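In terms of my numbering, the sequence shown opens at residue 195 and continues consecutively.
Glycine residues also receive a C-beta, built at the ideal position from the N, C-alpha and C atoms.
Note that the coordinates shown come from a computational prediction; the quantities given were computed from them, not determined experimentally.
Heads up, the thing below is written out as structure tokens.
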Amino acid sequence: MYIIMNDQKAVLPEAFQEKMRGLLGSEYEAFAAGYEKERQYGLRRNLLKGPEEEFIKAMPFPLEKISWAREGYYYDAACRPGRHVLHEAGAYYIQEPSAMAVVEALSPEPGERILDLCAAPGGKSTQIAGRMQGRGLLVANEVVGERARVLSQNVERMGVANCVVCSEKPERMAALFPAFFDRVLVDAPCSGEGMFRKDAASAGEWSPGTVEMCAKRQALILDEADRMIKPGGVLIYSTCTFSPEENEGTISAFLRNHEEYDIEETAFELSLIHI
Ligand code: SAM
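Here's what the structure looks like:
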């Protein structure tokens, strides 16, 4: 099967297709047909830059509200919002609509201490910052130095004043911030199966071995995240992949080793509550 995106042509790996067939059964054909459909594009209003009415009035192209993301809108790809001066001024952040669901689930509040442990390029950190309204502390960490630089640029562009950007390994962060945060987001490095249409090259990098390697790394990251959460705090785990090894498998293994957590259902994701 081919995915065609912005003139790029990628092939869905055979082993991935087989795996999804096994997982989805009779729903597989509908899943595969999704790759042929047009993509939807989203941007997110910066809650730090004034009220919605002013934003809508200033925007030079039409937007359609995303019903389930407070500050999210669909736009037409032809509008090229990345080229507009309001983008440079931090009025909005271009973000996949589905990615906005994660911070909806995290529910950050002004005044809290929040950690985004795998934060670059900063889509979720800057969304969290908007919800915090400049009150409390946001720590945005990205282990890869070059990506941490891009994260800093986005935090700056979006006018966030209560955020510290770090570039540390999770274990070092855990040593620095024991039982410190009210909420921790682990938007984990993953095999990226959900990105195949947006980024055709990622399909070429996928293999069953990558899935296995990512699951092991996710377990290590979650154990460090646990060390940084206050009793009563919330841990959100998210990926952009379908593989059960990296989603249900990672969460189940974590819960087996951490009886002090409960799962809480939210509209989009599962939150882990430290009890
Ligand atoms: N949260 C980001 C956003 O919304 O813009 C996306 C994060 S991306 C899915 C996962 C990030 O984890 C990548 O930036 C990657 O460099 C980082 N990462 C890779 N290996 C890691 C590790 N061992 N520990 C922590 N983070 C890691």
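Which same chain residues end up closer than 8 angstroms to residue i when comparing Cβ atoms and leaving out the 5 residues on each side of it in sequence?
i	result
P275	L237, F255, Y269, H281, Y286 and I288
L345	A313, A314, P315, G316, S319, A334, E336 and V359
E387	F210, W400, C434, T435, F436 and S437
L370	E362
When you measure from the CB of residue i to every non-hydrogen atom of ligand 1, does any distance come out below 8 angstroms?
i	result
L311	yes
E336	yes
I415	yes
C273	no
L495	The question about residue 495 has no answer here: the residues shown for the chain are numbered 195 through 469.
C357	no
A293	yes
L379	yes
P364	yes
C434	yes
S437	no
P425	no
C360	no
G236	no
S220	no
G316	yes
S473	There is simply no residue 473 to check, as the chain begins at 195 and stops at 469 in what is shown.
A395	no
A323	no
R343	no
A382	yes
S385	no
S261	no
R421	no
R411	yes
S446	no
Within its chain, find whatever has a CB closer than 6 angstroms to the CB of residue i; leave out the 5 residues flanking it on each side and keep chain order.
i	result
K213	none
D381	C312, K318 and S432
V354	A323
E439	V405 and A409
What does DSSP give as the partner residue(s) for residue i in the beta ladder?
i	result
N335	C360
D381	S432
I288	L237
F375	I423
L309	V333 and V378
E159	The first residue shown for the chain is 195 and the last is 469, placing residue 159 beyond what the model contains.
Measure the CB-CB distance between residue i and residue j and report whether it falls below 9 angstroms.
i	j	result
S432	T404	no
A323	L242	yes
G443	R351	no
A488	A419	Because residue 488 is not part of the residues shown, which for the chain are 195 to 469, the question remains open.
L379	V297	yes
P364	L311	yes
P425	C408	no
A397	F225	no
R325	P302	yes
A239	E230	Residue identity differs from the one stated: residue 239 is Arg in this sequence, not Ala. Their beta carbons are not under 9 angstroms apart, which means R239 does not touch E230 by this criterion.
G427	F375	yes
Excluding the five sequence neighbours on either side, which residues of its own chain have a C-beta within less than 7 angstroms of the C-beta of residue i, listed in chain order?
i	result
G317	Y287, Q289 and A293
R421	A368 and P372
E248	none
Q234	Y268 and P291
R215	Y222
E258	Y267 and Y268
E208	none
D201	Any reading at D201 must be qualified, since the residue scores a pLDDT of 47, below 50, and its modelled position is unreliable; the value itself is stated next. Nothing meets the Cβ criterion.
Establish whether the CB of residue i and some CB of chain B are separated by less than 9 angstroms.
i	result
N335	Structure shown: chain B not included; a single protein chain is present.
ask   = Would you say the region 301–309 touches the region 245–254, given that touching needs at least three Cβ pairs under 8 angstroms?
value = no
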